[in-house]
Structures are given as C-alpha cells and as structure tokens.
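>
There are 2 protein chains.
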Amino acid sequence: MRFISELRLDDGVLEREFTLGDIPGVLWTPGSTSAPVPLILVGHPGGLHMLRPRVAARARYYAAEYGFAAATIELPWSGDRPRSAAAEQARADLGRALGTGEPVGEIVDRLVLPLVEKAVPEWRAALDALLALPGIGGPVGYEGGVIAIGIGLAVADPRISAAAFFAGSFVPGALFEEARRITIPLQVLLQWDDEGNDRQAALELFDAFGSKEKTLHANLGGHTGVPRFELDAAARFFARHLQ
Amino acid sequence: MRFISELRLDDGVLEREFTLGDIPGVLWTPGSTSAPVPLILVGHPGGLHMLRPRVAARARYYAAEYGFAAATIELPWSGDRPRSAAAEQARADLGRALGTGEPVGEIVDRLVLPLVEKAVPEWRAALDALLALPGIGGPVGYEGGVIAIGIGLAVADPRISAAAFFAGSFVPGALFEEARRITIPLQVLLQWDDEGNDRQAALELFDAFGSKEKTLHANLGGHTGVPRFELDAAARFFARHLQ
Numbered sequence: 003m004r005f006i007s008e009l010r011l012d013d014g015v016l017e018r019e020f021t022l023g024d025i026p027g028v029l030w031t032p033g034s035t036s037a038p039v040p041l042i043l044v045g046h047p048g049g050l051h052m053l054r055p056r057v058a059a060r061a062r063y064y065a066a067e068y069g070f071a072a073a074t075i076e077l078p079w080s081g082d083r084p085r086s087a088a089a090e091q092a093r094a095d096l097g098r099a100l101g102t103g104e105p106v107g108e109i110v111d112r113l114v115l116p117l118v119e120k121a122v123p124e125w126r127a128a129l130d131a132l133l134a135l136p137g138i139g140g141p142v143g144y145e146g147g148v149i150a151i152g153i154g155l156a157v158a159d160p161r162i163s164a165a166a167f168f169a170g171s172f173v174p175g176a177l178f179e180e181a182r183r184i185t186i187p188l189q190v191l192l193q194w195d196d197e198g199n200d201r202q203a204a205l206e207l208f209d210a211f212g213s214k215e216k217t218l219h220a221n222l223g224g225h226t227g228v229p230r231f232e233l234d235a236a237a238r239f240f241a242r243h244l245q
Numbered sequence: 003m004r005f006i007s008e009l010r011l012d013d014g015v016l017e018r019e020f021t022l023g024d025i026p027g028v029l030w031t032p033g034s035t036s037a038p039v040p041l042i043l044v045g046h047p048g049g050l051h052m053l054r055p056r057v058a059a060r061a062r063y064y065a066a067e068y069g070f071a072a073a074t075i076e077l078p079w080s081g082d083r084p085r086s087a088a089a090e091q092a093r094a095d096l097g098r099a100l101g102t103g104e105p106v107g108e109i110v111d112r113l114v115l116p117l118v119e120k121a122v123p124e125w126r127a128a129l130d131a132l133l134a135l136p137g138i139g140g141p142v143g144y145e146g147g148v149i150a151i152g153i154g155l156a157v158a159d160p161r162i163s164a165a166a167f168f169a170g171s172f173v174p175g176a177l178f179e180e181a182r183r184i185t186i187p188l189q190v191l192l193q194w195d196d197e198g199n200d201r202q203a204a205l206e207l208f209d210a211f212g213s214k215e216k217t218l219h220a221n222l223g224g225h226t227g228v229p230r231f232e233l234d235a236a237a238r239f240f241a242r243h244l245q
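These protein sequence lines map, in sequence, to chains A and X.
Using the numbering used here, read the first sequence as starting at 3 and increasing by one per residue.
Using the numbering used here, read the second sequence as starting at 3 and increasing by one per residue.
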C-alpha cells in the first residue's frame, strides 16, 4: 500500500489516496484519536471518479462524527482499471434485457459472479494493508453496495464483524446460499420503489441471511433516493457493533 | 385532567399519574427544561397495570435522553376501566379462530373498529389537556401500537406531526383506506416473525400509507422481540421531526 496524496479536511478528517498494486483507493481517518479505531469498508458499484463525492460524504461522516476509519477501493474493471470484455458484454446484455422485459438471471450470473470472485480477494488484501497501519485496529464493518460483493466478503473474511448492505443491485441465485452462511449483525437498506431492483427478491434475500440480528430499513423512493438520515442510522449500527 | 401522584425518578424525569374523567393516564416530563417541549403519545394494546414497565421505559427514555414529554392513557375496556361484552366476545372469537385457522377479517372488524372509534376521541381529549399544561408545547408524535388507533388518530388530528407505528396487530381492511390519507412522516416497526401478525399484510399496509417519508424497520424475531436499539431509532426519528 502506497500513499499518493494527503489532505486535511475542514472537519479534521485526514483523507489519503493510496494504491494497492494497481488498485486505487482512499482512506479517511478521524482528526484526533488516542487508541486504534475500528474500520468501515465503504462499498460502491464501481467508478470512483463519478462516485467519489457520495462515497467520501459517507466516509467523512463515519470519521468525523463517530471516530471510525473508513476506506474504499476501486472495483475490478471500473474507473481507470483495465476493462473486461465479458463484463462490458454482460452489462450491455442486462440493459437490453431490462428494456425488453426478458429474464435476467443468466445475465446477472455472468455479470456479478466474476465480479465477486475478483473483488473479494482485492478487498481482503486492502483489509490486510489497512489493518497493518498504525491507528487502525478493527473491528471491521462493511457498508453499501455491491451487496453481492459484501456477501462474498462477509462469508470469506471472519474479520468483518457487522455489515450494513444496500439491497439495491442484482444478486445471483447462488449468493442466496452464501447469504444463509452469514451470521454477523446486519442492517439492510432497501429502496421501496427501486426501478432496477426487484422488491420481492430483496425481501427474500433479507429472509435468507442466517444472522440472528438483522434489521431491514425500507424507505419510500427510487434507487438514488436513500434518505440522508440512513447514514446516521448506519453509523449508529456500527457504533453498537464495532465500538 | 387531575394529577393524582408525582414522583421524581433517578434520571431526573418527573412521572405524574393523572385521570382525565374516568381515564387513567401517566405523564413523563424531562428533569430540566427551559422552553416548552414536544410531546410523544405512547401507544400500547391496553392494560396499563401489566404494560406499565414497558411503556414507562420508553417514555422515560424519550424524556431523559431527548428532552421530550411523553404520555399515555389507558385504552377503553382495559385495565380498571369498564369492560365491553362485545369486545370480550370478539377477543374470544379471535383467539378461537386463530387456533383453528379460520378467517379472522370479520372478527378483527368487530374487535378493532369500535376500539378505534372510542379510543381516538379519548386520545384527542388527552392531547387537549396535555398541550394546555405549562412546559408542553408540541409538536406531537404518536408511537407504538395499537396501529389501528394510531392511524385513526393521525387521520383525525392534525396536531400529530409524526408517527412511529408498531405493525404488530390486526388492521381492519377499512383502515387501509384511512392509511392512504396519512401524509405525515412515518417510521413503521415490523417483527419479521410475529406469530400473531401477517407479514404480507403488514407490508401492504406500509405500502398503503400516503406519506412521502416513510421508513420500515423490520427485525428478526417474534412479537415481543423488538430489539432495544429500536427505541433509540424511534427517538431519533422524533428528534428529526419534532425538534
């Protein structure tokens, strides 16, 4: 892990860009800390150039208001990283199928399963590097989308102690089985009128998680309409489980 | 409204029992306040003798942690209040029908609609009296069950500015229409495995509410298994809308 920029923000949070091999990422740490702090991995659908303001707003809130470290990395085949012809094809196929109302199951498998397979080891490598930094002590939470990556990561890595997923993207059928193996506390965010997401499938996924403590937060509105207060709800969820 | 007892609790909250005509009630106010404070009406299924500890715990939390006043009254035909033969019969019929798996729609109508009709004016009278007290200034929230009473009250009384309902009891079909008329911010609590409650009906009721801001909090577990952190989630919901 190599830090390539460092910026002290007006809320006291230190924002550092880094690279981990060829993977770009960003780390936010609180202004003043005495003991090592817990870490939240902030998930997103890929393309940090576009999404950076939204991801940074969440990460800075966790750091400034709750004293967590927060970090994100670019997803495979997104942003400045090399593209995958298969992923581009699957994405185009999905758009076309959604337009014509065809079934999307096979396309979702082609799009999401390879992404999970490549992204999970990358997040775990980032976690290795982040937890080796002074001042970051764990425990670790994962928040946001892509929920399929979050599921894969939570199953693969016992260091993830709690997760606040955004049920706002397609989940291959195979991952429902993985979901049953998850037992950490969960908070699942669902947009009730998400245009690109099947409400019933999201409720079934919530049902499938093996966790004893799991809470669904469903809000009126479309995919991008997550109310601002859900950020604080996520922070308080992590405060209960990581502090 | 006549106060009949007054107790200063160890968290500084002042707990006062009162009667409003023949209706017993309890008011909790924060230890120290400068300006008049908002008021939360704490709903329950009736029978304050039994439920008082749970209702008081919620009310005291709102008062001690968030500076709200909180109040409750006994429901019609419950506790020490005169019984209704029709309500007792409907309750017995409901128990039997649930045991045998018969349809309950007509029984729920007989049980809940007269209760709503009698309880809503009583809550409104209590609201008149409570808002006339020095130190209580509104705005007003309603929280808890019986959700059918909360719906009726929110439709009837424009002083109710926000509501955190517990979707844990039967709702007559007629009240779905009322639910569409509600436009205040809502937070709806649903126990995912509520033995006595139909999950699908609860989701349909959530769908029916006319409010632009509505959030569903679904938690794993049965009717009495509402996690303790939902109390703070309700308090923060009210803090957003009443303060």
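We treat Cβ as the ideally placed atom computed from N, Cα and C, and that holds for glycine.
Considering only their Cβ atoms, is the gap separating G146(A) from Q193(A) smaller than 8 Å?
No; because the gap between Cβ atoms is not below 8 Å, this pair is not in contact.
> Starting from N221(A), find everything on chain X with Cβ-Cβ shorter than 9 Å and list it in chain order.
Those are E215, K216, T217, L218, listed as they occur along chain X.
> Quick one: is A235(X) near chain A, going by C-beta distance under 8 Å?
Closer than 8 Å: yes.
> Rounded to whole angstroms, what's the CA-CA distance from I109(A) to S86(A)? Just pull it up for me.
Those two C-alpha atoms are separated by around 15 Å.
> In whole angstroms, give me the CA-to-CA distance for L188(X) and D82(A).
When rounded, the distance between both Cα atoms is 42 Å.
> Distance cutoff 8 Å, beta carbons only. Does F231(A) sit that close to anything in chain X?
For F231(A), the answer is yes, since a Cβ of chain X falls inside 8 Å of its Cβ.
> List, in order along the chain, the chain X residues whose C-beta lies closer than 9 Å to that of R242(A)?
The contacting residues are F231.
> Grab the span of the alpha helix (DSSP H) containing F208(A) for me, first residue to last.
Where F208(A) is concerned, the enclosing alpha helix (DSSP H) stretches over 201-210.
> Put E19(X) into one of helix, strand or coil per three-state DSSP.
The answer is strand: DSSP assigns E19(X) an E or B state.
> Could you spell out where the beta strand (DSSP E) holding K216(A) opens and where it closes?
First-last of the beta strand (DSSP E) with K216(A): 216-221.
> Is DSSP giving I184(A) helix, strand or coil here?
Looking at I184(A) - three-state DSSP - the assignment turns out to be coil, as it is neither helix nor strand.
> Using only the alpha-carbon positions, how far apart do R98(X) and V114(A) sit?
About 50 Å.
> Quick one: Cα of P229(A) to Cα of R10(X), how far?
For P229(A) and R10(X), the distance between alpha carbons rounds to 39 Å.
> Taking C-beta to C-beta, are I186(A) and A158(A) nearer than 8 Å?
No, these two residues do not count as a Cβ contact at 8 Å.
> For a minimum of 3 consecutive residues, which ranges assigned as the beta strand (DSSP E) are wholly contained in the stretch 28-91 of chain X?
The qualifying runs are 39-44, 71-75.
> Pick from A61(A), L50(A), D13(A), R54(A): whose alpha carbon is nearest that of F70(A)?
When only C-alpha atoms are compared, the closest one is A61(A).
> How many angstroms separate the CA atom of P26(A) from the CA atom of I75(X)?
Straight-line Cα distance between these residues: approximately 59 Å.
> What does DSSP give as the partner residue(s) for E145(X) in the beta ladder?
DSSP output for E145(X) lists V44(X), A166(X) as bridge partner(s).
> For the structure I just gave you, are there three or more beta carbon pairs, one from the stretch 196-208 of chain X and one from the stretch 229-244 of chain A, closer than 8 Å?
Touching, no, given that fewer than three Cβ pairs across the two stretches are closer than 8 Å.
> Are there 16 or more other CB atoms within 10 angstroms of the CB of L36(X), so buried, or fewer, so exposed?
The sequence given here has Ser at residue 36(X), not Leu. Its Cβ having fewer than 16 others within 10 Å, S36(X) is exposed.
> Tell me which residues share the same chain as F5(X) and place their Cβ nearer than 6 Å to its Cβ, disregarding the 5 neighbours each side in the sequence.
For F5(X), where only same-chain residues beyond five positions count, the Cβ hits under 6 Å are R18, F20.
> Near A236(A), which residues of its chain fall below 7 Å by C-beta distance, leaving aside the five closest residues on each side in sequence?
Hits under 7 Å: E145, A166, Q189.
> Which one of L155(A), R161(A), E67(A), H219(A) has the shortest CA to CA distance from T31(A)?
T31(A) has its Cα closest to that of E67(A), out of L155(A), R161(A), E67(A), H219(A).
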